[in-house]
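K.L.:
My questions will all concern the structure given below.
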Amino acid sequence: MSQVPMTLRGAEKLRKELEELKTVKRPRIIASIAEAREHGDLKENAEYHAAREEQGFCEGRIQEIEAKLSNAQIIDVTKMPATGRVIFGSTVTVYNTATDEESTYRIVGDDEADFKQNLISVNSPMARGLIAKQADDVAIIKTPGGDVEYEILRVEYL
919 MSQVPMTLRG
929 AEKLRKELEE
939 LKTVKRPRII
949 ASIAEAREHG
959 DLKENAEYHA
969 AREEQGFCEG
979 RIQEIEAKLS
989 NAQIIDVTKM
999 PATGRVIFGS
1009 TVTVYNTATD
1019 EESTYRIVGD
1029 DEADFKQNLI
1039 SVNSPMARGL
1049 IAKQADDVAI
1059 IKTPGGDVEY
1069 EILRVEYL
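For the sequence shown, our numbering begins at 919 and goes up steadily by one.
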């Protein structure tokens, strides 16, 4: 498989979730299954079936995280030379010329993207329009509602 870009923060967050699943959730589910088995007939034991279903979800998530981490190309933007250009992992403050609004976004990998936390995917139209630009440049982003013009105010490597 090809390498998938991921920020250092995103990789750490996934590692923490993986550790939690393996050391806390998995043993709790195993204990729940053992307890439910003690209740007798497994065919009609709702607790047992619920615990087994939860175990399936947990194991699936563990495999998913391990696959993501094994294919991740972890990029630490703080160790990149500060060229002033928008790159993967950088934090960009932009000014929407039409609405007079200022916004700050961090460009991250697909799995890390969360628009509510101003984390935008490197593959999003917004990020694609900003990549390689620098402060005082104007980026025109194509949206379903038409083109939107943004002036780049700051580029930071946090």
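Just so it is clear, CB atoms sit at the ideal spot from N, CA and C, and this is done for glycine as well.
Going by alpha carbons, who is nearest to residue 1070 out of 979, 1039, 1011, 936?
P.N.:
1011
K.L.:
So, with DSSP's three-state summary, where would you put residue 1068?
P.N.:
Residue 1068 sits in a strand when the DSSP states are folded into three classes.
K.L.:
Considering only residues of the same chain and omitting the five flanking positions on each side of residue 972, which have a CB-CB separation below 7 Å?
P.N.:
947
K.L.:
Three-state secondary structure (DSSP) at residue 1020?
P.N.:
strand
K.L.:
Count the C-beta pairs between the stretch 1023-1038 and the stretch 947-966 that are closer than 8 Å, then say yes if the count reaches three, no if not.
P.N.:
Segments in contact, no.
K.L.:
Residue 952 by DSSP, collapsed to three states: which one?
P.N.:
helix
K.L.:
Report the option in 998, 968, 996 whose CA atom is closest to the CA atom of residue 953.
P.N.:
968
K.L.:
Could you tell me the boundaries of the beta strand (DSSP E) in which residue 1060 lies?
P.N.:
1056-1061
K.L.:
Please determine whether the Cβ atom of residue 1059 lies at a distance below 7 Å from any heavy atom of the ligand SAM.
P.N.:
No copy of the ligand SAM occurs in the structure displayed, which carries no ligand at all.
K.L.:
Pick helix, strand or coil for residue 1045, following the three-state DSSP scheme.
P.N.:
Helix.
K.L.:
Between the C-alpha atoms of residue 1031 and residue 1042, what's the straight-line distance to the nearest angstrom?
P.N.:
9 Å
K.L.:
Counting Cβ pairs closer than 8 Å, one from the stretch 1049-1068 and one from the stretch 1014-1022, do we hit at least three?
P.N.:
The stretch 1049-1068 vs the stretch 1014-1022: in contact.
K.L.:
Please name the residue in 1002, 930, 1055 whose C-alpha comes closest to that of residue 987.
P.N.:
Nearest of 1002, 930, 1055 to residue 987, Cα basis: 930.
K.L.:
Under three-state DSSP, which class holds residue 1013?
P.N.:
strand
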